[in-house]
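Residues 509 to 743, numbered by this note's numbering, are exactly what the sequence shown covers, in order. Structure record follows, encoded as structure tokens.
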Amino acid sequence: MLLEIDKLSVSYGKAVALEEVSLRVAEGEFVAVLGPNGAGKSTLLKAISRSQPSTGKLEFRGQSLHALPAHAVVGRGICHCPEGRRLFPELTVLKNLMLGAYLRRNATAVAADLAAVYNLFPILEQRGAQIVSTLSGGQQQMVAIGRALMGKPSLLLLDEPSVGIAHRLKIEIFDAIKRIQQGGTAILMAEQDAQSALRIADRVYVLEHGHIGREGTSAELSSDDYIRQAYLGVG
Ligand SMILES: Nc1ncnc2c1ncn2[C@@H]1O[C@H](COP(=O)(O)OP(=O)(O)OP(=O)(O)O)[C@@H](O)[C@H]1O
Ligand SMILES: [Mg+2]
509 MLLEIDKLSV SYGKAVALEE VSLRVAEGEF VAVLGPNGAG KSTLLKAISR
559 SQPSTGKLEF RGQSLHALPA HAVVGRGICH CPEGRRLFPE LTVLKNLMLG
609 AYLRRNATAV AADLAAVYNL FPILEQRGAQ IVSTLSGGQQ QMVAIGRALM
659 GKPSLLLLDE PSVGIAHRLK IEIFDAIKRI QQGGTAILMA EQDAQSALRI
709 ADRVYVLEHG HIGREGTSAE LSSDDYIRQA YLGVG
């Protein structure tokens, strides 16, 4: 198993944000975590990337991540594209992308991955020298995803990649994310857009109030009455 989580809990002071969450991601799999505001989606991704302390089983390729600091997690192959993008707005597109490769020493491999990011998001190549704050929200999200890819992840963590983005760009971004998976990278994506998540993910976990309620394949959950009513607004 690539990522194996069992009974993972996170508290902020006395407030419990995640309680005994269990979840798995296989090599190359696309898994979505669906849930409303405040459900604990970002907390879960932060616990995996070790930017938030947690308790419980948290293993990547059979090894516990608990002892590792956040930068070492990147070195293991887990790259986090965080909520709100967290770019350097006054730096260029290219500089932001290259920051994702800061741990890597093989310049040839880094150049090849930059070419792959530009192939995925051609607009970023045209805008390479542009200051990030002048890009649209959708283009900035492409930079954030591209920067995470520059760390050469075998597991890419995506936190609500479609939030606040115009419909046309949203479709383009989800299509690009699907292509990232098709290139062999496993994906764990937090998302509130149930329709898009169920369309592109292999499996989905529903996180509500820090607990996993339902889980199943996208096909299973798409026909689940509760999911249809609460998340798809039908049935
Ligand atoms: N730094 C923090 N300090 C205290 N409480 C926090 C902190 N971050 C998150 N929380 C609380 O933990 C719970 C889970 O928050 P989290 O951000 O993980 O949810 P989310 O599912 O990502 O929500 P959203 O969809 O709005 O991004 C919420 O009740 C939130 O208020
Ligand atoms: Mg969040």
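A virtual CB, placed ideally from N, CA and C, is assigned to each residue, including glycine.
**Message:** Let's see if you can read the secondary structure: which residues bound the beta strand (DSSP E) around Arg-711?
**Reply:** To locate residue 711, count along the sequence shown from 1; it is residue 203. Taken as a continuous stretch (DSSP letters only), the beta strand (DSSP E) holding Arg-711 covers 711-716.
**Request:** Check each candidate in His-574, Ser-530, Arg-569, Gly-570 and name the one with the smallest Cα separation from Pro-561.
**Result:** The residue labelled residue 561 in the question sits at position 53 within the sequence shown. Out of His-574, Ser-530, Arg-569, Gly-570, His-574 has the C-alpha closest to the C-alpha of Pro-561.
**Message:** Can you tell me whether Asp-733 is helix, strand or coil according to DSSP?
**Reply:** As a working note, residue 733 is residue 225 in the sequence shown. Annotated three-state conformation of Asp-733 is helix, per DSSP.
**Message:** Could you tell me the alpha carbon to alpha carbon distance between Leu-599 and Ala-525, rounded to whole angstroms?
**Reply:** Residue mapping note: residue 599 aligns to position 91 of the sequence shown, counting from 1. Residue mapping note: residue 525 aligns to position 17 of the sequence shown, counting from 1. Leu-599 and Ala-525: Cα-Cα distance of roughly 34 Å.
**Request:** Give a yes or no on whether the C-beta atoms belonging to Leu-602 and Ala-637 are separated by under 8 Å.
**Result:** Counted from its first residue, the sequence shown places residue 602 at position 94. Counted from its first residue, the sequence shown places residue 637 at position 129. Against a cut-off of 8 Å, the Cβ pair of Ala-637 and Leu-602 comes out as a contact.
**Message:** For the region 516-534 against the region 571-587, do three or more pairs of beta-carbon atoms, one drawn from each stretch, fall closer than 8 Å, so that the two count as touching?
**Reply:** No, the region 516-534 does not touch the region 571-587.
**Gly-543 - DSSP class collapsed to helix/strand/coil** = As a first step, residue 543 must be located in the sequence shown, where it is residue number 35. In the three-state scheme derived from DSSP, where H, G and I count as helix and E and B as strand, Gly-543 is classed as coil.
**Message:** Taking 5 Å as the limit, name every residue whose beta carbon sits nearer than that to some heavy atom of ligand 1, in sequence order.
**Reply:** With the cut-off at 5 Å, the residues found are Tyr-520, Ala-525, Asn-545, Gly-546, Ala-547, Gly-548, Lys-549, Ser-550, Thr-551.
**Asked** With Ser-550 and Ala-698 assumed to form a contact (beta carbons below 8 Å), what rounded beta-carbon distance in angstroms separates them?
**Response** Reading the sequence shown from its first residue, position 42 is the one you call residue 550. Reading the sequence shown from its first residue, position 190 is the one you call residue 698. Distance from Ser-550 to Ala-698 at the Cβ level is roughly 6 Å; contact confirmed, criterion being Cβ atoms closer than 8 Å.
**Request:** Between the Cα of Lys-678 and those of Ala-694, Ser-644, Gln-690, Ser-662, spot the shortest distance and give me the residue it belongs to.
**Result:** Here residue 678 refers to the residue found at position 170 when the sequence shown is read from its first residue. Nearest to Lys-678 by alpha-carbon distance, out of Ala-694, Ser-644, Gln-690, Ser-662, is Ser-644.
**Item:** Beta carbon of Arg-635 nearer than 8 Å to that of Gln-649
**Value:** For the purposes of this step, residue 635 is taken as the residue at position 127 of the sequence shown. For the purposes of this step, residue 649 is taken as the residue at position 141 of the sequence shown. When the beta-carbon positions are compared, Arg-635 and Gln-649 stay at least 8 Å from each other.
**Request:** List the whole-angstrom C-beta distance separating Gly-536 from Gly-692, where the pair is believed to meet the contact cut-off of C-beta under 8 Å.
**Result:** Here the question's residue 536 lines up with position 28 in the sequence shown. Here the question's residue 692 lines up with position 184 in the sequence shown. Contact holds; Cβ gap of about 6 Å.
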